[in-house]
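In the working numbering, the protein residues as written are 741 to 1408. We put the beta carbon where it would ideally sit given N, CA and C, even for glycine. As structure tokens, the structure follows; a few thoughts come after it.
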């Protein structure tokens, strides 16, 4: 069998894919509605619930924190126990929270309801992971674009919908709408979405989940409440420091855990790391668009820039933002298929940067405000559509949900930072209008410039990824694999010890990539396959000679342990004009001064050291009669031979006329 094949071009398959994409996209839209449905009621909650405005603001903060905690946790559980199952859990929690809010009259219960609603945010990365498992690659970009855009589609539609509800119904209706939508979508997911067979195994990382949840909560609280408490207040500083300390504790823990909540090694890969940084920056720029546009539309006319619109009309003029997110989905998908997701994100980020710069000078009329915010939204739609595709191309199939969950969490950090930045800037640059201190246009212009800078940096982060664009395009054009099952194995040494961080790549016998995995702290790995067949398994680990083998794999197959027997070495011969030097000390040190390892030369003058990690080193020789020689050595993961001939004679230490000789060759 040269290449596993799957069916997927008939009408029934297309219909099933379309139904799954539509259902998942509606779930994302319903979840994002939760973020904005209560906003029109927020100014009235202090009166309705007999509380203060500061306490009422927890109705927004609770949703943000619950989403930040639930997203990485449920995403990891989805990879382990089933993506459809975790979607149903998230929908059920959201429905319970909405029902609680619909029946409640007191602030603590409403806050609890909003927190439960926030759990639904985890639906978006899990839904994207389901699409990777269910859709062939040619249809995946459109599905991902739609799913990514639902965050803005729902948020944009929520404002006018909430305005209509508040004008004509009791405020509890905003929760009843969520109950009804959640119940319908729960049934739709249960009936129309298939459960993915691609799962990881092992125990859930409870310590990692608790630490990450605590760190995210502390940092997001500091960002979201800092403007209320004061940026230099005791609470803000303590929470910020606590969050950073918890992150510092969490990172090394995840490197040692057998089944980490977040695979830090994969997250540290350049392609993933750059996209995650771009996610923070783009989240900042996206939310700045929503916040500043709302300010421009709602501020009183006497400020000199505001239009003085009410909540309902503000929501209606914000609707084009959500419309453009849906309209841009096929455009983003087409660009991704033809030029790669790197191009899509670069183009989207540049559109955002240019649009924000233009808004500094063109924000003095309704049409300018609407056009400017819509252009920013068009760029944002492209960046959001590209990020999951970039993440999925850089992580194993078995890590899709958790990797996208981390990306979503970092986007939340960006949106919280945007809100904090707006609060900080608008409180320091104000104009007095009839005794009221209101934000000046200069404050909003400052946010425009900051958002433009964040967007520009996001674009620049994509430039290093263009080196792999051609390979990505070739792979996406030739690969039609949908993962259907998981096989597992372990990488060990000849002595039975586990090999950490080994990378196992799965190819067809014709050389096309199917999946890859990085071994954990126990040497274990998982690979997703599109079906039973014969595959090529290539294993590489730093310091070891790579290995390849052919294997016939099927669902649930336990691959025979991959044994790495041959250590790569840094070896060579030490000599002078009179021949080999026996008993010389050969020491390898880093450029920063630390000793890596040392050895003595044998009777033939040869030395051998285990190959160190890639980098630049200094190789030093000390002879028994105290003559020394040093060489600069560069190691790039391949076996090296470095022969050193001393400049001095062993008899009298006089300079030898022959020039120093260093021979370095890479073993085949």
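Just grab the DSSP bridge partners of residue 1370 for me. 1360
Ordered along the chain, which non-local residues of its own chain (more than five positions away) have a Cβ less than 6 Å from that of residue 760? 874 and 933
Closest to residue 1099 by C-alpha separation, out of 1020, 1091 and 1109, would be which residue? 1109
For residue 972, which residues from the same chain have a beta carbon less than 6 Å from its beta carbon, with the 5 sequence-adjacent residues on both sides left out? none
Around the C-beta of residue 879, are 16 or more other C-beta atoms found within 10 angstroms, so that it is buried, or is it exposed? buried
On the premise that residue 953 lies in contact with residue 809, defined as a C-beta separation below 8 Å, what is that separation, rounded to the nearest angstrom? 4 Å
Hey, which unbroken runs of the beta strand (DSSP E) at 3 residues or more fall wholly within the segment 1214–1272? 1225–1233, 1243–1248, 1253–1258 and 1264–1269
Hey, residue 1258 and residue 1006: beta-carbon distance below 8 Å or not? yes
Mind checking which residues open and close the beta strand (DSSP E) that includes residue 1416? There is no way to answer for residue 1416, as the model of the chain reaches only from 741 to 1408.
First and last residue of the uninterrupted alpha helix (DSSP H) at residue 1302: Careful: residue 1302 lies outside any alpha helix (DSSP H), inside the beta strand (DSSP E) at 1302–1304.
Should residue 1214 go down as buried or exposed, given a rule of 16 or more other Cβ atoms within 10 Å for buried? With a pLDDT of 44 at residue 1214, under the threshold of 50, the modelled position of this residue cannot be trusted; read the value that follows with caution. Label assigned to residue 1214: exposed.
Where residue 836 and residue 918 are concerned, what is the direct C-alpha to C-alpha distance, given to the nearest angstrom? 10 Å
Taking all protein chains shown into account, do 16 or more other C-beta atoms lie within 10 angstroms of the C-beta of residue 1288, making it buried, or fewer, making it exposed? exposed
Which residues DSSP lists as bridging residue 1291, in chain order: 1275
Let me check one thing: in DSSP terms, what residues is residue 1320 bridge-paired to? 1315
State the DSSP-derived secondary structure class of residue 794, mapped to helix, strand or coil. helix
Evaluate contact between the segment 1059–1076 and the segment 1163–1171, counting only Cβ atoms and requiring at least three cross-stretch pairs below 8 Å. no
Counting along the chain, where does the alpha helix (DSSP H) carrying residue 1299 start and finish? Element bounds for residue 1299: n/a, residue is neither H nor E.
Could you tell me the alpha carbon to alpha carbon distance between residue 998 and residue 1269, rounded to whole angstroms? 23 Å
Per DSSP, what are the beta-bridge partners of residue 1347 in this structure? 1312
Within the same chain, show all residues whose beta-carbon is closer than 7 Å to that of residue 756, passing over the 5 residues directly before and after it, in chain order. none
Burial state of residue 801, where buried means 16 or more other Cβ atoms lie within 10 Å: buried
Can you give me the Cβ contacts of residue 1034 inside the same chain, cut-off strictly under 8 Å, excluding the 5 residues immediately before and after it? 1054 and 1058
Determine the DSSP secondary structure at residue 1172, reduced to helix, strand or coil. strand
The beta strand (DSSP E) that contains residue 1329, what's its start and end? 1325–1330
Simplified DSSP state of residue 1077, which is helix, strand or coil: helix
Classify residue 767: buried if its beta carbon has 16 or more other beta carbons within 10 angstroms, exposed otherwise. buried
Quick check: what's the CA-CA separation for residue 981 versus residue 949? 19 Å
Using CA atoms only, rank isn't needed, just tell me which of 1343, 967, 1358 and 1308 is closest to residue 1349. 1308
Taking just the CA atoms, how far does residue 1387 sit from residue 1398? Bear in mind that a pLDDT of 39 at residue 1398, under 50, signals an unreliable position, so the number given afterwards is only what the model happens to contain. Approximately 7 Å between the Cα atoms of the pair.
C-beta atoms of residue 1019 and residue 910 nearer than 8 Å: no
Find out if the Cβ-Cβ distance for the pair residue 1065, residue 1154 is shorter than 8 Å. no
CB of residue 1280 within 8 Å of CB of residue 1242, strictly: yes
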